[in-house]
Each structure stands twice: as C-alpha cells, then as structure tokens.
Amino acid sequence: MVRKRYDVIITGIGGMGVLLTGEMIVRSAPAQYKNVLWIPNYTTAQRGAPCDCIVILSDEEIYSPLVDQADAVVVMAASQLKAFEGRVKPGGFILLETYGLEDKWEREDVKVIPMSAIETAAKGGDRLGANMVALGMYVGISKAIAPEHIEKTIEEKFGRKRKVLHHNLELFREGLKMGTAEKVI
Amino acid sequence: MAERLLIDGNEAIARGAIYGDCKYFFGYPITPQNEIPEFMSRELPKIGGVYVQSESEAASVYMVYVGALAGARVMTSTSSPGFSLMQEGISYIAEAEVPAVIVNVMRMGPGIGTGGQHGQTDYRQVTKGGGHGAYHCIVLAPYSSQECFDYMQLAFHLADKYRVLVLVLTDFIIGRMAEVVELRKLGFEPLPEKDWALKGKAFKGGRRRCYVSAAFSYGGVPPRYYQHMAEVYQKIRDTEVRYETYRDEDAVLLLLAYGSSARMAKRAADMARAEGCRVGLFRPVTLWPFPEDALCQAARRVGKVLVVEDSPGELVEDVKFAVQGKVPVHLLGIWGRYTPQGDIMTGGSGIIYPEKILQEIRGLI
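Residue numbers (the working numbering), protein chains in the order written: chain A, 1 to 185; chain B, 1 to 365.
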C-alpha cells in the first residue's frame, strides 16, 4: 500500500542548496500528492549560517507546516548532526553526510545512513552538486516520490543551462542508485 | 479550470493584488516580505503598472496615499519596523478616507526585530491603531497561500467599498511557506464610482470640487466627523465580520488562534481528537472587525477557551473582552515555544509546535 504522508527535514549550511533540495521535492510532488508544503528556516546570514527546510507531502489536508519530528532528516552538513539528531521519529532515518563528520550519533531507535554526497559530487568535478546526490539518495531510500517526477523538475529548473542540467541529472541518478541499494524500508 | 501554482504566501499576495486590479506598488525592501516587491517590480511594468522603490517606508506610505487619492488601486508591503514608520501616513489616509491596501509580514519583537524569525507581535498595533486619532482599519489575517491570494482581492474590494485602509497581516511562516494556489478571479458586488477622486477638472464638468480634505485647518475637527466615521465603522462591523470554525460542535475546549498559529492549533485539535479529547478551533479571519458575537456564542456553548498566539498576549485581550468574563480564558503565549533539538540553537528561538498545544490541552481537559 502506498503511504499517504511523507515529511522530511533537510538541513545544512547556507550556500549548499539546502532550500533548493527541498524545493525540488515539493515542486515534483503535486504529480503524486493532493497537498504539498515547503517551508524554509534561515537567519539573516545568507551564506555560511545553518539553515533548514521542511517538506510535507500528503493526500490529507496539511495543517501545521512545522513538524517536531519528521519521517526522515537529511543532514547535508555534518556539523548539523547534533542539532537535528532529535528531529526524526522513532523508526525513521537520518541521511548523514560523512565529509567532515566529527560527532557521534546517540539515537538507537532510528537508522543512520552514511552519505558521501560531497565526495561523490567532487569526483564529478564540482562539490556544489552534492545536494543533487543527497536528493537522489533520499528519493531512492524513502520512495516518497517517483524519480521521473524529480527529473522533470530538474529539467524545468536548469533547462536553460544544458551543461548544468546534464551534470545535475547525472549526480541525481548517482545518488538514486546509492539510495536504492540501501535496504532500509 | 484556473491555473494552479506552487508559490509562497508572499508571491501569493503579490499575484492576488494583481488579480485585484492593483497596478501601483510603492515600497521599501525589508525581510521577510521581499518576495512581494521583487515580484511586483518584475510584473507590474508588463501590465502597464508602476513599481517605485521609495527612499523609506515613511515615503512609500505617502506615495500610496496620493496614488489612492487619484482613484487608483495602490498598495505597499512591509514588515514590523517598516510598518511602525508608516503610522503617520496611515493616520492621514484614515482621516482623508482614501482606500488603499497595506501588507504587514510580521517579524518578531519590538525595535528592529529579526528578519528571519517568526512571530505574531503586531496584533495590538494593527487592530488598535498604531497611529493617532482613533481610526480603524479593516484587518484580514490569511493563514494559507490560497487565502493570501484570495484576501488580497477581497482587501481591494473592501477598501473601495468603504473608503478605508485595509491591512493584510501575515508573518514569516505564512509569507515563506509554499503551497499550491489556484489562481482564481473572485467576483464581488459592483462598487460606486470614485467621484471623489482627484482626476482634474475635466472629469468633473469643468468645476473645481473638493471632496477630500487632508487637513481640518479651519475650525479644527468638524463636529460631524466622528459621527460619520462611527457610522462607517458600524456598517463594517455589521457586514464584514469573517471567521472560521473547525470541529467545535461537540467540543469541550475551544482553541482560539489566527494566522500561522491557527495552522498549528488545527493540527493540535486533530491530535487531541485522536486521543478522545473533544477540541475545536475558532479562527478570526477579520481581526478588525473582531468576531465578538460569534466568538461569545461559541465560547459560551463550549465552556472553555485556550488562546494560542506567538506573542506575549494581545489577541487574548480581545477574546476576554468578547466573552465578558462568562467563560474561562487560558493563554498559551510565546513562552510555549521550544526548539525540538533542545539547547542547540540553529538560528531561531523555537516555535509553538502542535505537540506543545496538545500538552496544554491535556492539562485543561
């Protein structure tokens, strides 16, 4: 049976494409869900400061835009682990960027999945594409949304820059492959 | 079917204004409402409109004033500190009875506040004046992107209908939260011609006639002025009160919230119902005129009220006034905020999550 509701918190540092990653999910989702919602959280500093966004996909009405604990948390910057470790529901999963990871996680009731998005993107020549790898991994693991909907959104967003589009699609597919290989749910 | 777009509350406000036939926008940038002027500066010139970035909020409010005097549909948008700067002009707009729309996307706190931080701390200022002279503005409080879009059209209609200033009050959450909006054109009853507008003698049979006075220079405030305004305000109170109720028929506790807090409260009501607690919600949509009578009836039927607002307690004053001491009124204010991650700060000072409201509900039932 298809689940009726998915929510995810994506967190990282301003400039990494944290809000954009959430936007790609929410822009793709109306094809599959009756209601979708995206809300950012940021401070006055645009780059270099922590930021996060919440995405909710549901066939039922979405009232509260804010979730205390989500089904999943995507930690795109390792420094955010401690702040967001508690934001996952028991039984949910954390996608954790391994680059620069110094902290240890304490939760035992959630699955922590290491993610080498920055390294994967850097191998492709540009670590700024790490968010596309993370996006692919989240989609591959959660199966919250069909990958073709995301690919269509990526095409719409970057369609005017063929090189960037091609690069992003490649990284998304790479992440998707890594995510699908994970046996979580 | 109308086009559907995924847009945030700010863009919904801007698009709604254009659907409401607004062609002129005068504004000054301030977070968290910059998406409104950004959209307007790009789109208004395309439809023969004008976007002007003023030198300050104090200037933009006067640009709105004179644009409205000329009979056009004009607006500005700002956030709390900018709204404070506009108070003098707002008072003048109220005095001259010219119709205009101002959007306040609230920040939290007095002084400069914080641009990226949510809060509902302008309630008293928008509903009780802010400027001098005992005037009223109609205040609409949307709680979704769709309502942002729809209420902007309604705001321009009400402004023209009563020749008053209409304020649309949102906050960081409503402004930056993205949802799917149906771009529908709303229909309203026909409006009287703006025969008072300053359009030049040619439009008035070559005669010079003054309908609008920006100064009570000779002899002070005319004796009939406040009587006339009282009649206008009474008419608005009689016809324009708007509110929403949710699952209140059999409730034993009535939550009371507007704007973004109402979203959290609605979720909390559902969570309480799932636990077997019969909880409902009353959401004022017009903060002025405040739905006093409807609230009083609902509160007396239910028997107990919990006000939820992200503020030290402003809405709660109107609620207490409305129920006239006949029903106990509790408040979950800004101290109900928490950060789920504990002490670790991530750039905010927390939010009143539905879980906190549920906890408060359990304590009251």
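Note that the Cβ used here is the ideal one computed from N, Cα and C, for glycine as well.
- Interface annotation, proline 312 of chain B: not in contact with chain A, CB-CB separation never under 8 Å.
- Here glutamate 182 of chain B carries a strand assignment [DSSP, helix/strand/coil].
- Short of 6 Å from the beta carbon of tyrosine 338 of chain B, and not among the five residues preceding or following it, lie these beta carbons of its own chain, in chain order: Gly350.
- The beta carbon of proline 340 of chain B falls within 8 Å of a beta carbon belonging to chain A, placing the residue at that interface.
- Taking 4 residues as the shortest admissible run, the stretch 94-137 of chain A contains the following complete alpha helix (DSSP H) segments, listed from N- to C-terminal end: 117-123.
- According to DSSP, proline 50 of chain A shares a beta bridge with A/Ile13.
- Using a Cβ-Cβ cut-off of 8 Å, aspartate 270 of chain B counts as an interface residue toward chain A, since at least one Cβ of chain A sits closer than that to its own.
- Under the Cβ criterion of 8 Å, glutamate 179 of chain B is counted among the residues facing chain A.
- If you compare the alpha carbons of B/Ile47, B/Gly336, B/Val66 and B/Gly49 with that of tryptophan 196 of chain B, the shortest gap goes to B/Val66.
- Under the 8 Å criterion on CB atoms, glutamine 32 of chain A is classed as non-interfacial with respect to chain B.
- What aspartate 68 of chain A touches in chain B, judged by beta-carbon distance under 7 Å, is Pro340, Tyr353 and Glu355, going in chain order.
- Counting along the chain, serine 77 of chain B sits inside the beta strand (DSSP E) bounded by residues 74-78.
- One Cα belongs to valine 316 of chain B, the other to phenylalanine 39 of chain B, and the distance between them is close to 35 Å.
- One thing to note: glycine 109 of chain B has its Cβ no nearer than 8 Å to the Cβ of isoleucine 30 of chain B.
- For isoleucine 352 of chain B, the secondary structure class from DSSP, reduced to helix, strand or coil, is coil.
- By the criterion of at least three beta-carbon pairs nearer than 8 Å, the stretch 95-115 of chain B is in contact with the stretch 148-166 of chain B.
- Going by C-alpha positions, glycine 303 of chain B is about 18 Å away from glycine 276 of chain B.
- Valine 252 of chain B is positioned such that its CB atom lies no closer than 8 Å to that of isoleucine 357 of chain B.
- At least one beta carbon of chain A lies nearer than 8 Å to the beta carbon of arginine 267 of chain B.
- In the DSSP assignment, aspartate 71 of chain A falls within the unbroken beta strand (DSSP E) covering 70-75.
- Residue pairing for threonine 170 of chain B: DSSP places it in a beta bridge opposite B/Val105.
- Minimum Cα-Cα distance from glycine 12 of chain A among the listed residues A/Val73, A/Gly92, A/Glu182 and A/Ala121 corresponds to A/Val73.
- Arginine 247 of chain B sits in coil when the DSSP states are folded into three classes, being neither helix nor strand.
- The three-state reading of DSSP puts glutamine 146 of chain B in helix, counting H, G and I together.
- Neighbours of arginine 47 of chain A across chain B, judged by C-beta separation under 8 Å, do not exist; the nearest C-beta is about 13 Å away.
- Across the set B/Gly313, B/Trp288, B/Val307 and B/Ala322, the C-alpha of B/Ala322 shows the shortest separation from the C-alpha of arginine 300 of chain B.
- Taking a 10 Å sphere around the C-beta of phenylalanine 188 of chain B, we find fewer than 16 other C-beta atoms and assign the residue as exposed.
- Counting only runs that start and end inside the stretch 3-35 of chain B, the alpha helix (DSSP H) elements of at least 4 residues fall at 9-19.
- Minimum Cα-Cα distance from arginine 107 of chain A among the listed residues A/Pro90, A/Glu23 and A/Asp126 corresponds to A/Pro90.
- Residues of the stretch 218-235 of chain B that bring their beta carbon within less than 9 Å of a beta carbon in chain A are absent altogether.
- Counted as a single uninterrupted DSSP element, the alpha helix (DSSP H) harbouring histidine 149 of chain A occupies residues 147-158.
- Beyond the five residues adjoining it in sequence on each side, arginine 127 of chain A comes within less than 7 Å, by CB distance, of Ile118 and Ala121 in the same chain, given in chain order.
- Around the beta-carbon of serine 91 of chain B, 16 or more other beta-carbon atoms lie within 10 Å, marking it buried.
- Using a Cβ distance threshold of 8 Å, isoleucine 54 of chain A and aspartate 7 of chain A count as a contacting pair.
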